[in-house]
Amino acid sequence: MSDRTMTCLLTIAEVSHILQVSKTTLYGKVRAGLIPAIRIRGLLRFNADDLQAWLDGQSTGPSISEGMNGKRRPELRHVLTDQELINER
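Take 0 as the starting number for the sequence shown in numbering that gives the first Met the number 0 and just add one per residue.
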């Protein structure tokens with residue numbers, strides 16, 4: 000048995016919400032190879048660890064969890080439920 004642990008995979012909707020960009024923008028960044036993503040049976044998924052590492056390399060300001068002006072943004076590892084996505088709208 001492998002020592003590898005299962006990592007959290009995020010959907011396009013979850014990453015779009017976390018990064019506060021449209022799904023269209025996100026698809027374009029993935030297509031251009033600018034954001035790490037994988038396809039599983041045709042579905043786009045984002046490894047939370049890979050995305051966090053990518054974000055850490057992009058950062059020039061406060062961390063994603065700190066946000067701007069000291070406000071806390073959603074943690075990258077927080078996976079939103081369907082109800083949470085509906086409540087956000």
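Heads up, the beta-carbon is just placed ideally off N, CA and C, and yes, glycines get one too.
What is the rounded straight-line gap between the Cα of Arg44 and the Cα of Leu33? 14 Å
Determine whether the beta carbon atoms of Ala47 and Thr6 lie at a separation below 8 Å. yes
I need the straight-line Cα distance from Thr24 to Ile11, nearest angstrom please. 11 Å
Nearest candidate by alpha-carbon position, reference Leu54, set Leu8, Gly27, Pro35, Ser21: Pro35
Continuous alpha helix (DSSP H) stretch holding Arg30: start and end: 22–30
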